[in-house]
Every structure is written in structure tokens, then in C-alpha cells.
Amino acid sequence: MGPAPRNYLAACGDGDLRYSSYDVLVIGGGIAGLTAAVGAARRWNVAMLTKAGLENTTTFLAQGGVAAAMGPFDSPELHFADTLEAGAGLCDEEAVRLLVEEGPERVRELEHLGTRFDRRAGELVLASEGAHSVPRVVRAGGDATGSVIGSALIQALISGSRVEVHEGEFVLDLLIADGRCVGALSLGPEGELTVSLARAVVLATGGAGQIYANTTNPIVATGDGHAMAWRAGAVMRDLEFMQFHPTALHSDENPTLLLTEALRGEGAWLVDGAGRRFMEGVHPLAELAPRDVVVRRMKEVMVRDGVDHVELDATHLACDFLRERFPTVHGGLTERGFDLCRERIPVSPASHYYIGGVVTDLWGRTSVPGLYAAGEVSSTGVHGANRLASNSLLEGLVFGDRVVRDLDRLLERAEPSVRKVKLDLPTESRRGNDQAATAAATQRLRLEMSRNGGIVRSRESLQQALGHLAELEAELQPPGCAATEFEFYNLLTIARLLLVAAGIREESRGVHLRSDFPERDNEDWQRHVRARLGWDPEVVAE
Ligand SMILES: Cc1cc2nc3c(=O)[nH]c(=O)nc-3n(C[C@H](O)[C@H](O)[C@H](O)COP(=O)(O)OP(=O)(O)OC[C@H]3O[C@@H](n4cnc5c(N)ncnc54)[C@H](O)[C@@H]3O)c2cc1C
Numbered sequence: 000m001g002p003a004p005r006n007y008l009a010a011c012g013d014g015d016l017r018y019s020s021y022d023v024l025v026i027g028g029g030i031a032g033l034t035a036a037v038g039a040a041r042r043w044n045v046a047m048l049t050k051a052g053l054e055n056t057t058t059f060l061a062q063g064g065v066a067a068a069m070g071p072f073d074s075p076e077l078h079f080a081d082t083l084e085a086g087a088g089l090c091d092e093e094a095v096r097l098l099v100e101e102g103p104e105r106v107r108e109l110e111h112l113g114t115r116f117d118r119r120a121g122e123l124v125l126a127s128e129g130a131h132s133v134p135r136v137v138r139a140g141g142d143a144t145g146s147v148i149g150s151a152l153i154q155a156l157i158s159g160s161r162v163e164v165h166e167g168e169f170v171l172d173l174l175i176a177d178g179r180c181v182g183a184l185s186l187g188p189e190g191e192l193t194v195s196l197a198r199a200v201v202l203a204t205g206g207a208g209q210i211y212a213n214t215t216n217p218i219v220a221t222g223d224g225h226a227m228a229w230r231a232g233a234v235m236r237d238l239e240f241m242q243f244h245p246t247a248l249h250s251d252e253n254p255t256l257l258l259t260e261a262l263r264g265e266g267a268w269l270v271d272g273a274g275r276r277f278m279e280g281v282h283p284l285a286e287l288a289p290r291d292v293v294v295r296r297m298k299e300v301m302v303r304d305g306v307d308h309v310e311l312d313a314t315h316l317a318c319d320f321l322r323e324r325f326p327t328v329h330g331g332l333t334e335r336g337f338d339l340c341r342e343r344i345p346v347s348p349a350s351h352y353y354i355g356g357v358v359t360d361l362w363g364r365t366s367v368p369g370l371y372a373a374g375e376v377s378s379t380g381v382h383g384a385n386r387l388a389s390n391s392l393l394e395g396l397v398f399g400d401r402v403v404r405d406l407d408r409l410l411e412r413a414e415p416s417v418r419k420v421k422l423d424l425p426t427e428s429r430r431g432n433d434q435a436a437t438a439a440a441t442q443r444l445r446l447e448m449s450r451n452g453g454i455v456r457s458r459e460s461l462q463q464a465l466g467h468l469a470e471l472e473a474e475l476q477p478p479g480c481a482a483t484e485f486e487f488y489n490l491l492t493i494a495r496l497l498l499v500a501a502g503i504r505e506e507s508r509g510v511h512l513r514s515d516f517p518e519r520d521n522e523d524w525q526r527h528v529r530a531r532l533g534w535d536p537e538v539v540a541e
């Protein structure tokens with residue numbers, strides 16, 4: 000039971016297709032795609048396709064920083080232990096080992112590339128974040144780490160490297176011929192369709208936080224890469240695990256402003272409406288407990304008090320310090336009429352990081368030959384059932400680099416180019432849905448997911464959500480040829496996969512909370528839920 004398989008989403012008539020050919024095609028320009036493209040371009044002919052501008056990525060929004068064992072009291076061993084502890088029994092230890100051991104070198108390389116990390120008296124400033132046993136998070140521009148790193152990588156991409164960059168190019172589907180991924184089909188800004196053939200494809204399309212009504216993710220995070228990998232037959236894993244960030248500004252904005260965990264690292268408190276701290280006594284790290292623990296407790300307090308948010312209190316911290324240390328958060332709040340120095344800020348959990356993704360091995364190779372995945376779209380196994388704060392930028396760097404090293408090996412021995420291939424694309428013309436209908440359907444989907452497939456789920460709520468999504472789809476025409484329609488269908492695909500996977504995991508673990516199975520069940524569930532095209536869910540013990 001589950002979503003019907005469909006190999007290709009697009010049916011844009013039988014008009015002219017443009018063809019291009021590369022050694023490496025990188026889809027996505029966040030930290031993972033940039034790392035892969037800049038590295039691969041040292042030897043190969045590389046193209047990068049991004050559906051939005053290069054600065055319109057989740058990477059650019061990252062605030063807290065990059066976790067890496069670089070401090071005098073830290074070690075990869077400690078970082079390893081913290082990552083495993085947060086991951087609630089589901090981390091792949093080999094992948095975590097590589098993450099923590101190769102991470103510091105990747106951060107030093109970023110610095111050589113021009114990233115200016117914050118330093119004091121010549122030493123890197125290291126921030127504290129939830130579930131890290133020592134200050135470990137390297138940051139830049141106070142709380143503007145993502146845009147500082149992203150800008151440095153973009154600079155490297157456009158100066159000196161030979162990458163052909165196409166912004167505003169919406170990738171519809173991966174192209175598969177003879178069981179190999181041989182490129183991608185994309186829709187350009189003027190509605191033109193392009194077939195980009197490549198000897199290897201790197202999928203780096205980021206997350207899918209937009210399947211929920213409250214999210215910190217930018218509007219580009221619609222799970223396109225997850226959905227196209229699924230349609231291409233790649234094995235997917237852990238799709239039930241969506242991490243909700245505890246402290247997003249409680250508002251109707253899309254996306255909503257994140258109040259970085261580093262604020263709690265510097266001493267801000269979580270309090271209820273009466274100003275009482277509620278994390279003390281719940282976990283030894285209080286406000287800095289792992290995110291899943293904090294979110295669970297927030298939910299309890301909200302239910303207890305009959306409210307839909309709690310508050311973040313930084314009023315006891317020095318105002319000059321807050322302004323200088325957190326320019327993004329302070330400025331963002333001021334723009335919205337809040338004063339971080341003088342008032343408690345309303346916060347509630349928002350979808351933030353999709354742990355589920357395309358299964359890769361330790362070199363970023365997926366189950367589809369020729370297809371790599373890196374960054375948030377991938378499932379390398381480093382996050383287990385709950386990502387440790389600031390480990391995802393690191394994952395994009397470490398595994399983006401490992402992809403490059405493997406590409407070098409693969410391309411040395413592979414055929415020099417991809418021949419023109421028979422693609423079997425659907426050629427019928429479809430009318431599709433108008434923009435207003437698509438926008439309304441997208442909003443209904445997001446609200447439904449928040450209501451019935453969100454932080455706390457049960458068999459009943461998950462089934463209701465699946466039923467409502469089926470009704471929603473039945474009201475719509477199959478997609479025509481507009482990017483917003485494809486985004487909606489991608490969201491729908493991933494939402495359903497998430498709901499089905501969440502129904503299969505009959506326990507509560509990490510970020511997955513079942514009201515009907517409230518306990519963690521190591522005996523039956525210390526394992527992954529995997530899925531592949533046609534929804535043939537295997538529950539695989541690893
Ligand atoms: C507000 C916020 C703060 C965060 N702070 C931190 C932090 O401090 N530390 C940390 O480690 N992590 C943090 N994270 C998580 C982290 O930022 C992301 O996991 C990471 O940046 C993802 O990088 P990526 O390269 O996988 O994808 P992204 O940066 O999301 O880039 C995705 C790219 O794919 C492209 N794309 C998507 N679909 C298509 C398509 N159909 N066709 C063509 N292109 C497509 C997009 O245009 C974009 O270029 C934060 C997340 C958020 C939302």
C-alpha cells in the first residue's frame with residue numbers, strides 16, 4: 000500500500016528538447032552542491048543547475064555554525080560520542096566516524112578558501128549548542144555562518160573554476176537509461192526543456208521542510224530531489240524522521256524566523272507564559288538537551304497550559320552582547336516589532352531538517368549507478384533518529400568532498416561521454432492546474448501535515464492525513480508544465496512517504512513521536528525503515 004509509482008513527472012508535450020553534455024551534473028547549489036562542484040571542476044567538465052538564485056538556499060540561512068572538534072578540550076572521539084547519543088540508536092557509526100575525523104580538515108579548507116570564521120585573540124570562537132558536551136560550533140559573522148560560508152564557496156565557483164552555472168533551472172526528473180542515471184530533464188526560466196546528459200549526477204537539492212505549515216526552511220525546500228530520486232528508483236531511508244526546531248518565532252510567516260540554539264548556548268531560557276523555566280530537572284543539560292527532548296517537553300507544557308507557544312527569555316543577558324553576537328536574530332526580531340533585549344519572545348517548534356533521504360554509501364553513491372547524493376537530500380546515516388545541532392553543514396562539506404574523490408576514480412575509468420539515449424519521456428500535453436488552485440492545494444497539504452502528521456502522530460492521525468491527501472489529489476488535474484505544480488506534486492509524494500513510514504515505526508524514538516506507542520522499543524525498532532519505488536517497504540535491521 001502506498002503512493003503509486005510514476006517514473007517521470009513531466010509531460011510537457013513533444014516540443015523541442017535542448018541537449019547538453021557534461022562529465023558531472025550537480026543539481027543544487029547549497030553547501031553540498033557547491034563543495035561537490037568546486038572540487039569536481041578541478042578535473043572535470045561540470046554544470047550546476049539550481050531552481051532559484053545561488054543565494055536562495057537553506058545554506059544561506061544557517062545561523063549557528065559548523066560543528067567540528069577543533070577546540071583544545073575537544074576531540075573527534077567526543078564529537079563521535081555526542082553524535083551517537085543524540086542519534087538515539089540509529090546512527091551509522093562508520094559514517095559518523097568519517098564525519099568527525101574529516102570535519103576539522105574540511106573547515107580549515109573553507110578558511111583557506113576565504114571564509115572568515117569568528118576568531119578572538121587569533122583563536123576560533125567556539126559556541127555551545129544543544130547536546131554537545133563541549134563548545135564546538137565554529138561560526139562566522141556572529142549568527143550569519145551560512146551566508147558567509149556560502150558566499151566564499153560561490154566566489155570559488157565563479158572565479159577560476161570552470162563550472163557552467165544555470166540558475167532558475169528547475170530540474171523535473173533524473174534520466175535513467177539501462178539502469179543508470181545519465182542526466183536530468185529541466186525546465187528553464189522561459190519554459191524551455193533541456194536534457195543535460197552527464198557521466199555522473201550529484202543530487203544536492205536540500206530538504207523538504209515546506210511539507211509543514213510552520214517551517215524555518217526557505218520556500219525552495221520542497222523535497223524535489225527526494226521525490227525525483229524516488230521516481231528514479233533510488234532506495235530511501237528514515238523518511239519518518241523530520242526534525243522540528245524548538246525555537247522558531249511563533250508566527251504565520253513562511254518561512255518563520257529561526258532563533259538559533261546558540262542563544263540558549265549563551266544562556267537564554269525557555270519559559271512558560273508565567274515566566275517559569277521548564278527544562279530544569281527534565282534533562283541534565285536543561286535548555287541545551289537534545290532537540291527532540293526539548294520539543295517533547297515544550298509540547299507537554301503547551302498542552303498543560305492550553306497554549307500554542309512558549310517563550311524564549313534572553314532579557315537577563317547584556318543587550319550589547321546580544322546585538323553583536325546575534326545580529327541576524329536581533330535584527331530579524333526588531334524588523335518584526337520584537338525586542339530581544341527587553342521582552343520574552345514567543346516561540347514554537349517548526350519543521351527544520353529532514354533526516355530522511357536517499358541512502359548513500361560512505362562515498363555518497365546511491366543505489367542507482369551514476370547517481371550520487373550529498374547534503375540534506377541524502378541519508379548517509381550520520382544523524383540517526385535525531386540530528387545533532389550544526390552537524391548538517393559539516394555533513395555537506397565532508398560528504399560533498401568524498402563524492403568528489405569518488406568521482407575522480409569513477410570518471411577515470413568510465414566511458415568518456417554519454418551517448419544520446421532513448422528517454423521514453425511522456426509526450427502528451429496536459430492542461431494542468433492554474434496557479435491559484437496549486438497554491439491553495441499546497442497550503443492545504445501543509446496544514447494537513449502539521450495537523451495530523453507533525454510532531455506527535457498516531458495511527459489514526461496518520462491514516463486521516465493519508466485520506467485527506469488522497470482527496471486533495473483527486474480534486475486536481477495531473478500536473479501540466481509549471482514549476483509550482485511540480486513542487487506541489489513533489490511535496491505530495493514526500494508527505495505520503497513520510498506518513499506511511501511514520502505509520503510503520505510503532506514506537507517513539509528521536510524526532511518521531513507516536514502518541515499510541517509512546518516508548519522507545521529497542522527490541523523491535525533499533526532498525527531503519529527503507530523504501531523504494533512502488534512502496535515496497537522493507538524493515539531492515541542494520
Ligand atoms: C534557518 C536555518 C538555520 C540552520 N542553521 C544551521 C546551522 O547553524 N548549522 C548546521 O549545520 N545546519 C543548519 N541548518 C541546516 C542546514 O542549513 C541545511 O541542512 C544545509 O544548508 C542543506 O544544504 P544542502 O546543500 O543540502 O541544500 P540547500 O542549501 O538547501 O540547497 C539546495 C539547492 O538545491 C536547489 N534545488 C532544489 N530543488 C531543485 C530543483 N528541482 N531543481 C534545481 N535545483 C533545485 C536549490 O535551488 C538550492 O540551490 C539550518 C537550517 C535552517 C532552515
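In this text, residue positions in the sequence shown follow numbering that gives the first Met the number 0: the first is 0, and each later residue adds one. For glycine and all other residues, C-beta sits at the position ideal for the given N, C-alpha and C. Please read all numbers here as calculations on a predicted model, not as lab measurements.
heavy atom of ligand 1 below 8 angstroms from residue i C-beta
i	result
residue 351	yes
residue 141	no
residue 227	yes
residue 50	yes
residue 66	yes
residue 231	no
residue 59	yes
residue 168	yes
residue 312	no
residue 219	yes
residue 344	no
residue 153	no
residue 376	yes
residue 339	no
residue 216	yes
residue 38	no
residue 156	no
residue 289	no
residue 253	no
residue 55	yes
residue 385	no
The alpha helix (DSSP H) enclosing residue i, as first and last residue numbers
i	result
residue 245	Note, residue 245: premise wrong, no alpha helix (DSSP H); beta strand (DSSP E) at 241-248.
residue 449	434-451
residue 180	Counting along the chain, residue 180 falls outside any alpha helix (DSSP H), though it belongs to the beta strand (DSSP E) covering 179-186.
residue 465	458-473
residue 385	It is not in any alpha helix (DSSP H) - residue 385 carries neither H nor E in the DSSP assignment.
residue 318	318-324
residue 154	144-157
residue 72	Careful: residue 72 lies outside any alpha helix (DSSP H) and carries neither H nor E.
residue 111	92-111
For residue i, the residue or residues it bridges with in DSSP
i	result
residue 16	192
residue 224	None, per the DSSP bridge assignment.
residue 380	Residue 380 is not bridged to any residue.
residue 345	310
residue 511	508
residue 165	48
residue 428	11
residue 65	137
residue 268	312
residue 118	123
residue 539	527
residue 455	512
residue 356	236
residue 26	48, 202
residue 276	270
residue 175	180
Identity of the residue in the options nearest residue i by Cα
i	options	result
residue 314	304, 301, 329, 300	329
residue 486	101, 57, 471, 210	210
residue 586	242, 219, 216, 205	Nothing about residue 586 can be read from this structure; the chain reaches only from 0 to 541.
residue 508	341, 48, 382, 400	382
residue 135	370, 526, 393, 524	393
residue 408	225, 23, 9	23
residue 511	295, 489, 459	295
residue 233	538, 537, 150, 531	531
Span of the beta strand (DSSP E), counted from its first residue to its last, around residue i
i	result
residue 530	527-530
residue 372	370-372
residue 486	Where residue 486 is concerned, there is no enclosing beta strand (DSSP E), although the alpha helix (DSSP H) it sits in stretches over 482-503.
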